[in-house]
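Q:
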Amino acid sequence: MLKVCLNGGRSRREHPAVPVTGAELAADAVACVASGVTAIHLHPRDHDGAETLAATFVAESVAAVRAACPGTPIGISTGAWIVPEPAARVAAVRSWVTLPDFASVNAHEPGAEAVAMALHERGIGVEAGLWTPDAVAAYRRWRVPVHRVLLECLRPDPDGATAQAEELLAALRAGGPDAAADTQPADTQPADTQPADTQPADTDTADTDTAEPAETGTGAAAEPEPPVLLHAEGPGTWPVLALAVRYGLHTRIGLEDTAELPDGSPAPDNLALVAAAVALGAR
9 MLKVCLNGGR SRREHPAVPV TGAELAADAV ACVASGVTAI HLHPRDHDGA
59 ETLAATFVAE SVAAVRAACP GTPIGISTGA WIVPEPAARV AAVRSWVTLP
109 DFASVNAHEP GAEAVAMALH ERGIGVEAGL WTPDAVAAYR RWRVPVHRVL
159 LECLRPDPDG ATAQAEELLA ALRAGGPDAA ADTQPADTQP ADTQPADTQP
209 ADTDTADTDT AEPAETGTGA AAEPEPPVLL HAEGPGTWPV LALAVRYGLH
259 TRIGLEDTAE LPDGSPAPDN LALVAAAVAL GAR
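Quick note on the working numbering: the sequence shown kicks off at 9 and runs consecutively.
1) Taking residue 265 as the reference, give the member of 181, 254 and 162 with the closest Cα.
2) Quick one: what does DSSP say residue 253 is sitting in, helix, strand or coil?
3) Note down the Cα distance separating residue 129 from residue 89, rounded to an integer number of angstroms.
4) Check for me: the alpha helix (DSSP H) holding residue 80 runs from which residue to which?
5) Relative to the alpha-carbon of residue 32, which residue among 112, 75, 156 and 43 has its alpha-carbon at the smallest distance?
6) Specify, as a first and last residue, the run of the beta strand (DSSP E) that residue 3 falls within.
7) Does any residue of chain C bring its CB to less than 9 Å from the CB of residue 109?
8) Is the Cβ-Cβ distance between residue 83 and residue 11 less than 9 Å?
9) Could you pull the DSSP bridge partners for residue 259 from this structure?
10) Under the rule that 16 or more other beta-carbon atoms within 10 Å means buried, what is residue 105, buried or exposed?
11) Alpha carbon to alpha carbon, how far is residue 77 from residue 35?
12) Kindly indicate which three-state DSSP category residue 158 falls into: helix, strand or coil?
13) Return the bridge partner residues of residue 110 from the DSSP annotation.
14) Assign residue 169 to one of three DSSP states: helix, strand, or coil.
15) Report yes if the CB atom of residue 263 is closer than 9 Å to the CB atom of residue 87, and no otherwise.
16) Ends of the beta strand (DSSP E) at residue 236?
17) Pull up the distance between the alpha-carbon of residue 258 and that of residue 275, whole angstroms please.
18) Tell me whether the stretch 106-126 and the stretch 56-73 touch, counting them as touching only if at least three CB pairs, one residue from each stretch, are closer than 8 Å.
19) Measure the Cβ-Cβ separation of residue 152 and residue 124 and say whether it is below 9 Å.
20) Under three-state DSSP, which class holds residue 180?
21) Quick test of your reading: residue 173 and residue 248, contact by CB under 8 Å. State the CB separation rounded to the nearest angstrom.
22) Quick check on the DSSP output: the beta strand (DSSP E) that includes residue 281 runs from which residue to which?
23) Suppose you measure from the CA of residue 137 to the CA of residue 159; what does that come to, to the nearest Å?
24) Please state whether DSSP places residue 115 in a helix, a strand or coil.
25) Beta-carbon within less than 7 Å of residue 250's beta-carbon, same chain only, minus the 5 sequence neighbours each way: which residues are those?
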């Protein structure tokens, strides 16, 4: 599965093509889906362009993209830098009227499990963002079902980012032996959970769950491990994306993660980044 991360916290000062409004997000999403993207990640912005979890702006962004790309799952961030107080993040999730299909929660952040539970209770798929081996351990203690694991490599150089990717994969395997091994090629990955109280995306055959529960030694069925999405930011983006392709993992690309093409030249927009990722084998 190839996900596009349309904007993140990147400003227009950093790149003039960063989509901010609902209409801009929708236009970029349409182009990227037509080029092979099967899921969309975005950060809602307020009228000043700041990241927000406020219900009005979440609805504006999600509704615009969903109308433009029916059937494509849409996710947003719940990062603590957007709303630092854990209780306020939980309250924000509970206030949403138009729901995303999934949302990411960084396991190392204060209140992460409570935010994940609030999402789950609303029928929103939880993506567990894991930046360090300690975060992997924290995630393993959650009592919340997880839709997908995000291994996020933030070291500022390519070699460091790929080393971090291997460390995180090893930590995930250590906590659950089949965590990475159970991840399948992109065209057989699980579908994104659809919210119960909004108009969900239609079923996407490119993101359909074909995993079977594993049998335990007692004959009881165990929950299958969630699929893994591996990605990086900055100079490590393309080497880690190539590693994800090599391992058959989900991955992502977009102006949130990098403003450069694989050859180091400036990327004109999200579509150019998606085209480059597809050319490298991301699906």
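Idealized CB from N, CA, C, for every residue including glycine.
Note that the structure is predicted; figures quoted are calculated from it, not measured.
A: Reading it off the structure:
1) The shortest C-alpha to C-alpha distance from residue 265 to any of 181, 254 and 162 is the one to 162.
2) DSSP, read as helix, strand or coil, puts residue 253 in helix.
3) Their Cα atoms are separated by approximately 23 Å.
4) Annotation for residue 80: no alpha helix (DSSP H) segment contains it, and DSSP assigns it neither H nor E.
5) Looking at the Cα atoms, 75 is the closest of the given residues.
6) Lying before the first or after the last residue shown, residue 3 is absent from the chain, which here runs from 9 to 291.
7) The question asks about chain C, but that chain is absent: this structure has only one protein chain.
8) Going by C-beta atoms, residue 83 is nearer than 9 Å to residue 11.
9) Beta-bridge pairing links residue 259 to 10.
10) Classification for residue 105: exposed.
11) In a straight line, the C-alpha of residue 77 is about 9 Å away from that of residue 35.
12) In the structure shown, residue 158 sits in a strand (DSSP, three-state: E or B).
13) In the DSSP output, where bridge partners are listed per residue, residue 110 has 83 and 133.
14) The DSSP-derived three-state label of residue 169 is helix.
15) No. Outside cutoff.
16) First-last of the beta strand (DSSP E) with residue 236: 236-240.
17) Approximately 22 Å between the Cα atoms of the pair.
18) Because the criterion of three Cβ pairs below 8 Å is met, the stretch 106-126 and the stretch 56-73 touch.
19) Yes, the Cβ-Cβ distance between residue 152 and residue 124 is below 9 Å.
20) Looking at residue 180 - three-state DSSP - the assignment turns out to be helix.
21) About 5 Å separates the CB atoms of residue 173 and residue 248; that is less than 8 Å, so the two are in contact.
22) From DSSP, residue 281 is part of no beta strand (DSSP E) but of the alpha helix (DSSP H) over 278-287.
23) Between residue 137 and residue 159, the C-alpha separation is close to 6 Å.
24) Three-state DSSP puts residue 115 in coil, outside helix and strand.
25) The answer, listed in chain order, is 288.
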